[in-house]
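Numbering (our numbering), first residue to last: 16 to 153. Virtual Cβ for every residue (Gly too), placed ideally from N, Cα, C. As the structure is a computational prediction, the values presented were derived from the model and not from experiment.
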């Protein structure tokens, strides 16, 4: 039987750097096994009851994969909106199949921009601290 759960979480890198949390937001609500969470995290939370907290370590391969230099793509700087023509800017880019993904401006070289299509957490081992707040009725 799958459950719909409300959770509080904090995401850390393996070195202890906090990446994000939902402490000051509404709880994250997800359905077990639905693909809404990383599969390794979803599996690790299956036996928790409301009120319980768990630290879950997820290696890069089971999170967002390894960093791939093949995911760096060069485009004309003039194909980017003016506000995105700076190193570090995050944006969403589409492809010919109307598929969208996040991209970060990795470098600017003359009139070319190098976009990094790796997930921002690619290549990083992650640690989640998750508290199950409640199991919701379907």
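Residue i by DSSP, collapsed to three states: which one?
i: residue 36; result: strand
i: residue 60; result: helix
i: residue 41; result: coil
i: residue 84; result: helix
i: residue 96; result: coil
i: residue 122; result: strand
i: residue 131; result: strand
i: residue 75; result: helix
i: residue 65; result: coil
i: residue 137; result: coil
i: residue 29; result: coil
By Cβ distance below 7 Å, which residues in the same chain neighbour residue i in space, the five residues on each side in sequence not counted?
i: residue 18; result: 47, 150
i: residue 42; result: 21, 22, 23, 148
i: residue 138; result: 75, 81, 82
Buried or exposed, going by whether 16 or more other CB atoms sit within 10 Å of the CB of residue i?
i: residue 44; result: exposed
i: residue 24; result: buried
i: residue 28; result: exposed
i: residue 118; result: buried
i: residue 97; result: exposed
Under the assumption that residue i contacts residue j (Cβ atoms under 8 Å), give the Cβ distance between them as a whole number of angstroms.
i: residue 130; j: residue 108; result: 7 Å
i: residue 36; j: residue 86; result: So it is not a contact: roughly 27 Å between Cβ atoms.
i: residue 56; j: residue 71; result: 6 Å
i: residue 78; j: residue 52; result: No, residue 78 and residue 52 are not in contact; Cβ-Cβ is about 11 Å, not under 8 Å.
Short of 6 Å in beta carbon distance, which residues of its chain neighbour residue i, apart from the five on each side in sequence? Order them along the chain.
i: residue 74; result: 140
i: residue 95; result: 128
i: residue 59; result: 71
i: residue 99; result: 106
i: residue 32; result: none
Take residue i and list the residues in its own chain whose beta-carbon comes closer than 8 Å to its own, dropping the five residues that flank it on each side.
i: residue 115; result: 107, 108, 109
i: residue 61; result: 47
What do you reckon, is the C-beta of residue i under 6 Å from a heavy atom of the ligand ZN?
i: residue 147; result: Ligands displayed in this structure: none; no statement on the ligand ZN is therefore possible.
Segment contact, 8 Å Cβ cut-off, at least three pairs: the region 88-108 with the region 140-148 | Per the Cβ contact rule, the region 88-108 is not in contact with the region 140-148 (fewer than 3 Cβ pairs under 8 Å).
At least 3 beta-carbon pairs within less than 8 Å: the region 61-73 vs the region 122-132 | no
Three or more C-beta pairs closer than 8 Å, one from the region 84-99 and one from the region 126-135: is that the case here?
-> yes
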